[in-house]
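Right, one structure below, let's go through it.
There are 2 protein chains.
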Amino acid sequence: MERGYSTTSIDDVARRLGSTKGRIYHHYPSKADLFAGVFRTAMDLNFRIVLPLTRHGGNAAERLIAMARAHTRNMIETRAYQRAVWEGVELHLRGATTPEQRTTLAELTRRRDAYEHLFKATLDEAGRAGDLTFDNLSIANQVMLTALNSPIVWYSPRDAGSGETIDNLVEQVVTFAMRGLGYQGDITS
Amino acid sequence: MERGYSTTSIDDVARRLGSTKGRIYHHYPSKADLFAGVFRTAMDLNFRIVLPLTRHGGNAAERLIAMARAHTRNMIETRAYQRAVWEGVELHLRGATTPEQRTTLAELTRRRDAYEHLFKATLDEAGRAGDLTFDNLSIANQVMLTALNSPIVWYSPRDAGSGETIDNLVEQVVTFAMRGLGYQGDITS
DNA sequence: TTGACAACATACCCGGTAGTATGTTCATGT
DNA sequence: ACATGAACATACTACCGGGTATGTTGTCAA
Chain H
1 MERGYSTTSI
11 DDVARRLGST
21 KGRIYHHYPS
31 KADLFAGVFR
41 TAMDLNFRIV
51 LPLTRHGGNA
61 AERLIAMARA
71 HTRNMIETRA
81 YQRAVWEGVE
91 LHLRGATTPE
101 QRTTLAELTR
111 RRDAYEHLFK
121 ATLDEAGRAG
131 DLTFDNLSIA
141 NQVMLTALNS
151 PIVWYSPRDA
161 GSGETIDNLV
171 EQVVTFAMRG
181 LGYQGDITS
Chain L
1001 MERGYSTTSI
1011 DDVARRLGST
1021 KGRIYHHYPS
1031 KADLFAGVFR
1041 TAMDLNFRIV
1051 LPLTRHGGNA
1061 AERLIAMARA
1071 HTRNMIETRA
1081 YQRAVWEGVE
1091 LHLRGATTPE
1101 QRTTLAELTR
1111 RRDAYEHLFK
1121 ATLDEAGRAG
1131 DLTFDNLSIA
1141 NQVMLTALNS
1151 PIVWYSPRDA
1161 GSGETIDNLV
1171 EQVVTFAMRG
1181 LGYQGDITS
């Protein structure tokens, strides 16, 4: 989270743990595998929180709002993991050293794609129901997710001190995204 | 753009140029300075395109639309530079090696902040005029810019083949952002 | 003609880092 | 009591990559 994948050495991680390199390599065969563990944990968190919400009945748009809210809150609260994911996806798709690591990363990327598809499907349903207005589904999904993810980049815990609660932040981001998709209804929870 | 700052070696850059390391170090004192050159070029492009639009008279909201459109198009067309900026800002704020390089990076970061302020000021003006509806100015600006920047991440030239022109993409992104800010008027150029 | 300098190319150095090989300790089963 | 293996710590290796030192070539002014 703090220094990025490639600029953080295993010794750095060990030092932070008050531990040693030997210990880390006892549990993880390589640096890339350690990263994969972080990635996997992040995706597990995401699925665990959002997947149940896709099963709820009723209005697709309202389901999407609930998903967006949960997702955004999750991005803030598990920000350390999510930043690692973001950087890692781009960095590793090219720079992955061994072919074996490539396949691991490919699997994780598929997992992230599946996660994004949860939103895409709901978005599509809400669009067909006439509750949203957008042109291209894929593009709308990308822009929406980027907006919802944005706290990963700019959120800082010190913001909490300036009168803004996390609830407040989440509502602002979700409101922006839903209005951006042409939603006309009420958004406040 | 392709492999990120820290994973790309000077030899890689030289190879791509059909050149050698010696040539690069003849023109740039360090890798960080080479990066700073890319950053500076990107920011120059941004200012050159958006700054004139801030001087136009009339409605602040319409000015913001013009700025957003120009900005988004610029992000797509100069994507190679902008990706480097994005990664570099985060990576260097922490990992900058020498204090000298830190000051260089600090100056460039201030330049980016000044660029973002162009949007923030116009956003504020449009909000006070009652044409936009948002809660916190800083947050609204961040989310809006993240959305406008999003093509940096997901745009790929092959998308152009699938019937989507760049004009089309820009309009979708700008429409999303302006509606997200509560703009009710017409957006189409 | 020559001296100087820009504009490189080549060869080299050296610090940092992923990964490994080899101890060492402790718990547990027999 | 003893063997065994997990769970580490320590010491070491190999390599990569930023940076430097040193050649080489062409140009241009005096």
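As given, the protein sequences belong to chains H and L, one line each in that order.
The first sequence begins at 1 in the working numbering and counts up by one.
The second sequence begins at 1001 in the working numbering and counts up by one.
Don't be surprised by glycine CBs; every beta carbon is placed ideally from N, CA and C.
> Does DSSP put residue 1130 of chain L in a helix, in a strand, or in coil?
Replying inline: Taking the first residue of the second sequence as position 1, residue 1130 of chain L is located at position 130. Residue state, collapsed to three classes: coil.
> What's the C-alpha gap between residue 113 of chain H and residue 1119 of chain L?
Replying inline: Sequence index remark: in the first sequence, residue 113 of chain H carries index 113 (1-based). Sequence index remark: in the second sequence, residue 1119 of chain L carries index 119 (1-based). Taking the straight line from one Cα to the other gives about 32 Å.
> Taking Cβ-Cβ distances shorter than 9 Å, what residues in chain H pair up with residue 1055 of chain L?
Replying inline: Position 55 of the second sequence, counting from 1, holds the residue named residue 1055 of chain L. The premise fails here: residue 1055 of chain L is roughly 27 Å from chain H at the closest Cβ pair, so nothing lies under 9 Å.
>> Any beta carbon from chain H within less than 8 Å of residue 1150 of chain L's own beta carbon?
In response: Position 150 of the second sequence, counted from the first residue, corresponds to residue 1150 of chain L. At least one chain H Cβ lies under 8 Å of residue 1150 of chain L.
>> Against chain H, does residue 1049 of chain L count as a neighbour if the rule is that its beta carbon must be under 8 Å from one of theirs?
In response: By 1-based counting over the second sequence, the position of residue 1049 of chain L is 49. No, residue 1049 of chain L does not count as interfacial toward chain H.
>> Please determine whether the Cβ atom of residue 1139 of chain L lies at a distance below 7 Å from any heavy atom of the ligand SAM.
In response: This structure lacks the ligand SAM, and indeed carries no ligand of any kind.
> Can you list the residues of chain H that residue 1169 of chain L reaches, using a CB-CB cut of under 9 Å?
Replying inline: Taking the second sequence and counting its residues from 1, one reaches residue 1169 of chain L at position 169. Within 9 Å Cβ-Cβ: 136, 139.
> Helix, strand or coil: which one does DSSP assign to residue 5 of chain H?
Replying inline: If you number the first sequence from 1, residue 5 of chain H lands on position 5. Here residue 5 of chain H sits in coil by DSSP.
> Which chain H residues are close to residue 1179 of chain L, counting only those with a beta carbon under 7 Å from its beta carbon?
Replying inline: Here residue 1179 of chain L corresponds to residue number 179 of the second sequence, with the count starting at 1. Near residue 1179 of chain L (Cβ distances below 7 Å), the residues of chain H are 179, 180, 182.
>> Just to confirm my understanding: we take residue 70 of chain H, look at its own chain, exclude 5 residues before and 5 after, and list those with CB closer than 7 Å. What are they?
In response: Working through the first sequence from its first residue, we reach residue 70 of chain H at position 70. Taken in chain order, the residues that qualify are 49, 50, 53.
> Ordered along the chain, which non-local residues of its own chain (more than five positions away) have a Cβ less than 6 Å from that of residue 128 of chain H?
Replying inline: By 1-based counting over the first sequence, the position of residue 128 of chain H is 128. Within the same chain, residue 128 of chain H has no close Cβ partners at all.
> Who are the neighbours of residue 164 of chain H on chain L, taking C-beta pairs under 7 Å?
Replying inline: Translated into positions along the first sequence, residue 164 of chain H becomes position 164. 1136, listed in chain order.
>> Which same chain residues end up closer than 6 Å to residue 115 of chain H when comparing Cβ atoms and leaving out the 5 residues on each side of it in sequence?
In response: Here residue 115 of chain H is taken as the residue at index 115 of the first sequence, counted from 1. Cβ neighbours of residue 115 of chain H beyond the five flanking positions: 46.
>> Helix, strand or coil for residue 1109 of chain L? Go by DSSP, reduced to three states.
In response: Mapped onto the second sequence, residue 1109 of chain L falls at position 109. The answer is helix: DSSP assigns residue 1109 of chain L an H, G or I state.
> Applying the criterion that 16 or more other CB atoms from any shown protein chain within 10 Å of the CB defines a buried residue, is residue 1169 of chain L buried or exposed?
Replying inline: Position 169 of the second sequence, counting from 1, holds the residue named residue 1169 of chain L. Buried.
>> Can you look up residue 162 of chain H in the DSSP assignment and give me helix, strand or coil?
In response: Numbered from 1 along the first sequence, position 162 holds the residue referred to as residue 162 of chain H. Residue state, collapsed to three classes: helix.
> Going along chain H in order, which residues have a C-beta closer than 9 Å to the C-beta of residue 1006 of chain L?
Replying inline: Translated into the one-based positions of the second sequence, residue 1006 of chain L becomes position 6. The answer, in chain order, is 4, 5, 6, 7, 91.
> In terms of alpha-carbon separation, which member of H/188, H/5, H/184, H/176 lies closest to residue 80 of chain H?
Replying inline: Position 80 of the first sequence, counted from the start, is the residue given in the question as residue 80 of chain H. The shortest Cα separation from residue 80 of chain H among H/188, H/5, H/184, H/176 belongs to H/5.
> If you measure from the beta carbon of residue 82 of chain H to each beta carbon in chain L, is any gap under 8 Å?
Replying inline: Locating residue 82 of chain H in the first sequence gives position 82, where the first residue counts as 1. False, the Cβ-Cβ gap to chain L never drops below 8 Å.
>> Using only the alpha-carbon positions, how far apart do residue 1015 of chain L and residue 135 of chain H sit?
In response: Counting from one through the second sequence, the residue named residue 1015 of chain L turns up at place 15. Counting from one through the first sequence, the residue named residue 135 of chain H turns up at place 135. Distance between the alpha carbons of residue 1015 of chain L and residue 135 of chain H is about 42 Å.
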